[in-house]
Amino acid sequence: MKKIHFWLTILLSLSGIHSATAKGWQDIKQSGELRVGVPGDYAPLAFHDKQGHLVGFDIDMAHSLGQALHLNIRFVLSSWPTLSADLAADKFDIAMGGVTETPDRREKFALSSPVLKNGKIALTQCNRVNDFKSLEDIDHTEVRVVVNPGGTNQDYVDIHIRHAKVIRERDNTASLQRIRERSADIMFTDLLEGNYYQNNEPGIFCVSIMNILPGTVSNKVYMMAKDNKYLLKTIDKWLSDGNKSRLSRKWQISTE
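Counting with mature numbering (1 follows the signal peptide of the UniProt record, and there is no 0), you get residues -22 to -1, 1 to 234 for the letters of the sequence shown.
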């Protein structure tokens, strides 16, 4: 029996699987705080402003949730490559800040009802917007596509880009800077993020493909441990009130 346990430990270590028991609702309630994991690089949902403050639609939503649950909110910075592993390791109770519903996440975690509708678009410099009106215009050897790791942006690039040069950056913030400084031509990202930068940095960022790219229609959700059913039920009920609509207007986000 000891030998079996030894080899199981070795296999888990080699596979990189590290799991911990997530806090149940009673433990969360007794702690007095809800730990919210965010990558913190996704405007307008959760990002750092010029003063370094964590702001955004989901940041405001998290504070609203804390008020509804009578809990303090503690934000825990994560990243797109490690978000799922960090949640599984009980580093936080809920992931917010731009989480897309995917079959893999649905299988491994509890996902809230849809928060926002979304889909992929192509973002470029405004003076080049007419150069990239389709995926076919983009996927050429002379075009530089920048992508951040670990999320649905990378998934899209890995599947659809065969000829363009792919530049892999550490996060969304670095990818956007590549577009600003013209060391990359295209960034595939979500409509939510593309619209935000087009509206807030006019003349620099433009959405070149206005229609959501085929096969990328999706929902933004909140993600938590699969066995935390009470928290999931509570959040779904909270999402049905009018607070989401009020905050979406503040951040100029469509909820349709």
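From the three backbone atoms N, C-alpha and C, an ideal C-beta is built for every residue, glycine too.
With at least 16 other beta carbons inside 10 angstroms of its own, residue 77 counts as buried. Beta-carbon to beta-carbon, residue 24 and residue 34 are separated by about 4 Å, close enough to satisfy the 8 Å threshold. Under the DSSP definition of a beta bridge, residue 35 lacks any partner. In this structure residue 188 is not in contact with residue 88, their Cβ atoms being roughly 34 Å apart against a cut-off of 8 Å. A residue is called buried once 16 or more other Cβ atoms fall within 10 Å of its Cβ, and residue 103 is buried on that count.
Counting every other CB atom within 10 Å of its CB across the protein chains shown gives residue 163 a total of 16 or more, marking it as buried. For the 8 Å CB-CB criterion, residue 127 and residue 59 form a contact. Note that the C-beta distance between residue 134 and residue 166 is below 8 Å. Going by DSSP, residue 157 is part of the alpha helix (DSSP H) stretching over 150 to 158. The three-state reading of DSSP puts residue 226 in helix, counting H, G and I together.
Relative to residue 90, the option among 169, 4, 2, 212 whose CA is nearest is 212.
Excluding five sequence positions before and after residue 229, the CB atoms of its chain that fall closer than 6 Å to its own CB belong to 22, 35, given in chain order. The DSSP-derived three-state label of residue 181 is coil. The beta carbons of residue 185 and residue 173 sit about 7 Å from each other, so the pair counts as a contact at 8 Å. Put simply, the stretch 48 to 55 touches the stretch 11 to 21. At least three CB pairs are less than 8 Å apart. For the stretch 22 to 82, the continuous beta strand (DSSP E) assignments of 3+ residues that do not extend past its boundaries occur at 24 to 26, 50 to 55, 72 to 78, in sequence order. Taking the CA atoms as reference points, residue -1 sits about 7 Å from residue 66.
With fewer than 16 other Cβ atoms inside 10 Å of its own Cβ, residue 119 counts as exposed. A Cβ-Cβ distance of about 7 Å is found for the pair residue 170 and residue 94, placing them in contact under the 8 Å criterion. Residue pairing for residue 145: DSSP places it in a beta bridge opposite 124.
Between residue 191 and residue 99, the C-beta spacing is below 8 Å.
Excluding its 5 nearest sequence neighbours in each direction, residue 3 has C-beta neighbours in its own chain below 6 Å: 208, 209, listed in chain order. When the alpha-carbon of residue 222 is set against those of 5, 11, 37, 30, the nearest one is in 37. Contact between residue 145 and residue 156 holds: their C-beta atoms lie close to 7 Å from each other, under 8 Å. In this structure residue 64 does not touch residue 150 by the C-beta definition: roughly 17 Å separates them, more than the 8 Å allowed.
Distance between residue 182 and residue 5, taken at the CA atoms: about 47 Å.
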